[in-house]
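My numbering puts the sequence shown at residues 7 to 593.
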Amino acid sequence: MTTISAPAEFTIRRPSFNRTNAIRWITSHATQHWGIIFVLIIGAFGNAALAAVVPILVGNAFNAMLQTTPDTSVLLPLALIIGGTQILRGVLQLGRNFGAELLGQRLEREIRDEMYISLLGKSMTFHSLQPVGDTMARATNDVREVNLMFSPGINLVIGSAFFLVMPTVAAPGYHPSLIITPVLFAIVYFIALARYLRNLQPISDEVRASFGDMNSHLSESLDGVETVKGAAQENAEVERFVVNAKRVRDAFIRQGDTEARFVAFLLYGIAIAAGLTHSLILFRQGLLNTGQVIGYFGLLRLLDFPTFTSTWAYTQVSMGLSSARRILELMNRENNLDQNSAGFSGQMKGEIEFRDLSFTYPGSDEPTLEGISFKVKAGQTIAIVGQTGAGKTSLVRLVNRTYDVSSGQILVDGVDVRDWNMASLRSQISIIEQDIFLFSRSISENIAFGKPEATQEVVESAARAAQAHEFIQTFENGYETVIGERGVTLSGGQRQRLALARAFLTDPHILILDDSTSAIDSATEDKIQHAISAAARGRTTLLITHRLSQIRWADLIVMIRKGRVAAIGTHDELMQTSEAYGRIFRE
7 MTTISAPAEF TIRRPSFNRT NAIRWITSHA TQHWGIIFVL IIGAFGNAAL AAVVPILVGN
67 AFNAMLQTTP DTSVLLPLAL IIGGTQILRG VLQLGRNFGA ELLGQRLERE IRDEMYISLL
127 GKSMTFHSLQ PVGDTMARAT NDVREVNLMF SPGINLVIGS AFFLVMPTVA APGYHPSLII
187 TPVLFAIVYF IALARYLRNL QPISDEVRAS FGDMNSHLSE SLDGVETVKG AAQENAEVER
247 FVVNAKRVRD AFIRQGDTEA RFVAFLLYGI AIAAGLTHSL ILFRQGLLNT GQVIGYFGLL
307 RLLDFPTFTS TWAYTQVSMG LSSARRILEL MNRENNLDQN SAGFSGQMKG EIEFRDLSFT
367 YPGSDEPTLE GISFKVKAGQ TIAIVGQTGA GKTSLVRLVN RTYDVSSGQI LVDGVDVRDW
427 NMASLRSQIS IIEQDIFLFS RSISENIAFG KPEATQEVVE SAARAAQAHE FIQTFENGYE
487 TVIGERGVTL SGGQRQRLAL ARAFLTDPHI LILDDSTSAI DSATEDKIQH AISAAARGRT
547 TLLITHRLSQ IRWADLIVMI RKGRVAAIGT HDELMQTSEA YGRIFRE
């Protein structure tokens, strides 16, 4: 099986699938389930073959009754045969439908898993640029469309294909020339179908793309609903949503218009008329009897099923392929960071060296950081200061490879971070940012997120160290209290204390605090300051802060100005030697 491999931050060993294009990708998934496919095909063939038995036997019954002396003795056996074959047909049809549904559900589960793993493996560059709403649309609706492509889509396509074959196979049994009508119908039908699918593909792509855009706007508006309401922009957002919804509606209308123009029913009507006329001519010439005319007409009626299903089954297949292309495009999109599973994974001491590094965000022409060089000894506490926008947060995000340097190096214990095993590197580094993210789970689960096997005693100990135990106890359910998404039910200070508890619990070798006490009052800050001091003891700590009380106890202070190192030293040294540093505190 040909596969396309791409670097990823996170992978799980799973069967590899061909990601060259949507059809090969879907096929490589489906062929993992040959048993189900076999049941589907046998059920479809049996259903069509036994459906063809009925008109043939009905024709035989007519011939028996139209004799000079009607032979009623054949009616009961014929009725029993018809009844028995249709019961068997029902069983086979059930097998076909069950197989298609089972295949669709399994592929939906597998593709959803594959996509989720792929998304977890993408870098922050990818997630920073990719709208969440569009990602959710692809992960939910588009994956569901792939399921529907198999059931009912491909299920009915395969079933209808056998219904096209049966008149072609059975009709020559009455007279060789009767094959002409079903064969011509099949040829013109497939020519019209190819044109129909060619016209439908871009419309299906537009339907799925417009839905993704509408979902992106909806997600963005709901995520920023506080800002929308605060600026009284509800009407403007509604108008934007109406425009996006109109685009979706217009795409569906174009799809419906294309479906309405498909000439399958016209072809079917012409085939029925032509076939019946042909058989009646042969009847007048004495080449067919009445029962054979009836049987042949019944065989032509089998073409009704592929005609009926073609108006929407192929649309479902087209929609599924469009969705598969959108999913595949997302998973195949470039990812710049590799988890480097064979990389260094030893115990970290905590020595960090920034060696002439520069960094530019993707899509930006101006470097955010340039020529940064300094060294942090293991166990030191380094305060990184500078004005807003100087590049402080960007610098610390390079340590755990949230982003990769554009040039230069970052060495941890003398090993380039790009040569570390990604999981090993990140598991020994803990970052607490100003914008705290908490999951919509219990407080206990949030604290133990980085170490889910932690006991309740360990969780509570970490909460006490972060000065969070006291406010947690005020909740009715204590540590089992489920907080709102992103922790919206908590104050800023409470969120930051939970984040500190989460960091303390993982016992990292490198601790990065990015203005992590900005939302904490002075009284609580004093308590947390002691906790941070205790936590920093014996481990390397990078501290981004504007608070003089925290800067003073740092072993070294690095002043960042316009993406460059402006000064390095202790607080007292920099107050005397660096005008820019002194200006920060005088302001």
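Where a beta carbon is used, it is the ideal one built from N, C-alpha and C, also for glycine. Here the structure is a predicted model, which means the values were calculated and not measured.
Start-to-end residues for the alpha helix (DSSP H) that takes in A507: Here residue 507 refers to the residue found at position 501 of the sequence shown. Residues 498-512.
Neighbourhood of G392 by C-beta, 7 Å cutoff - its chain only, sequence neighbours within 5 removed: As a position in the sequence shown, residue 392 is number 386, starting the count at 1. Counting only Cβ-Cβ distances below 7 Å, and skipping sequence neighbours, we find K398, M565, I566, R567.
Environment of P173 [buried if 16+ CB atoms lie within 10 Å]: As a working note, residue 173 is residue 167 in the sequence shown. Buried.
Environment of Q434 [buried if 16+ CB atoms lie within 10 Å]: Looking up residue 434 in the sequence shown gives position 428. Flag for Q434 reads buried.
Expected contact under 8 Å - CB spacing of F510 and A468 to nearest Å: Along the sequence shown, read from residue 1 onward, the residue named residue 510 stands at position 504. Along the sequence shown, read from residue 1 onward, the residue named residue 468 stands at position 462. At roughly 4 Å, the Cβ-Cβ gap stays under 8 Å, so F510 and A468 are in contact.
Secondary structure of A454, DSSP reduced to three states: Numbered from its first residue, the sequence shown carries residue 454 at position 448. It is coil, neither helix nor strand.
Where V405 sits in the DSSP three-state scheme: Within the sequence shown, numbered from 1, the residue matching residue 405 stands at position 399. Secondary structure of V405 (DSSP, three-state): coil.
Burial state of E114 (16 or more Cβ within 10 Å): Indexing the sequence shown from 1 puts residue 114 at position 108. Per the 10 Å Cβ criterion, buried.
Inter-residue spacing [alpha-carbon to alpha-carbon] between I18 and G420: For this step, residue 18 is matched to residue 12 along the sequence shown. For this step, residue 420 is matched to residue 414 along the sequence shown. Distance between the alpha carbons of I18 and G420 is about 29 Å.
Same chain only: Cβ atoms within 7 Å of I333, ignoring 5 sequence neighbours per side: Stepping through the sequence shown from its first residue, residue 333 is reached at position 327. Excluding sequence neighbours, I333 sits near I117, M121, R144, D148, V149.
Beta-carbon proximity of D211 to S328, cut-off 7 Å: For the purposes of this step, residue 211 is identified with residue 205 of the sequence shown, where counting begins at 1. For the purposes of this step, residue 328 is identified with residue 322 of the sequence shown, where counting begins at 1. Yes; because the gap between Cβ atoms is below 7 Å, this pair is in contact.
As assigned by DSSP and simplified to three states, the class of G385: The count along the sequence shown starts at 1 and reaches residue 385 at position 379. Correct three-state label for G385: coil.
Straight-line gap, T74 to L272 (C-alpha atoms, nearest Å): The sequence position of residue 74 within the sequence shown is 68, counting from 1. The sequence position of residue 272 within the sequence shown is 266, counting from 1. As the crow flies, the alpha-carbon of T74 is around 40 Å from that of L272.
Contacting residues, own chain, Cβ-Cβ under 6 Å from I516 (five flanking each side not counted): Mapped onto the sequence shown, residue 516 falls at position 510. Closer than 6 Å at Cβ, skipping near neighbours: G356, I435, T546.
Residue nearest to E265 in terms of C-alpha spacing, selected from T315, F68, V402, I550: Locating residue 265 in the sequence shown gives position 259, where the first residue counts as 1. It is T315.
Extent of the continuous alpha helix (DSSP H) to which I32 belongs: As a working note, residue 32 is residue 26 in the sequence shown. That run of the alpha helix (DSSP H) goes 28-36.
Check whether N153 and G110 have beta carbons under 7 Å apart: For the purposes of this step, residue 153 is identified with residue 147 of the sequence shown, where counting begins at 1. For the purposes of this step, residue 110 is identified with residue 104 of the sequence shown, where counting begins at 1. Against a cut-off of 7 Å, the Cβ pair of G110 and N153 comes out as a contact.
Beta carbon of A277 nearer than 7 Å to that of F191: Indexing the sequence shown from 1 puts residue 277 at position 271. Indexing the sequence shown from 1 puts residue 191 at position 185. Result yes, Cβ atoms of A277 and F191 sit closer than 7 Å.
Spatial distance of L206 from G65 (CA atoms): As a first step, residue 206 must be located in the sequence shown, where it is residue number 200. As a first step, residue 65 must be located in the sequence shown, where it is residue number 59. Their Cα atoms are separated by approximately 41 Å.
Coil, strand or helix - I557 by DSSP: As a working mapping, residue 557 is identified with position 551 in the sequence shown. Three-state DSSP puts I557 in a helix.
Length-filtered (4 minimum) alpha helix (DSSP H) runs lying within the region 208-241: 231-236
The alpha helix (DSSP H) enclosing D119, as first and last residue numbers: Here the question's residue 119 lines up with position 113 in the sequence shown. It spans 81-126 - the alpha helix (DSSP H) in which D119 sits, taken as one unbroken run.
Cβ shell of V59 (< 6 Å), same chain only, five flanking positions each side left out: Mapped onto the sequence shown, residue 59 falls at position 53. Excluding sequence neighbours, V59 sits near T91.
When G218, R503, N161, A384 are compared against P137, the one with the closest alpha-carbon: Reading the sequence shown from its first residue, position 131 is the one you call residue 137. If we check each option's Cα against that of P137, G218 comes out closest.
Cα-Cα separation, F350 to K381: If you number the sequence shown from 1, residue 350 lands on position 344. If you number the sequence shown from 1, residue 381 lands on position 375. Distance between the alpha carbons of F350 and K381: 20 Å.
Neighbourhood of A55 by C-beta, 7 Å cutoff - its chain only, sequence neighbours within 5 removed: Taking the first residue of the sequence shown as 1, we reach residue 55 at position 49. Closer than 7 Å at Cβ, skipping near neighbours: M172.
A192 - DSSP class collapsed to helix/strand/coil: Within the sequence shown, numbered from 1, the residue matching residue 192 stands at position 186. Shown here, A192 sits in a helix according to DSSP, grouped into three states.
Span of the alpha helix (DSSP H), counted from its first residue to its last, around R307: As a first step, residue 307 must be located in the sequence shown, where it is residue number 301. Looking at the DSSP string, the run of the alpha helix (DSSP H) that includes R307 is 296-307.
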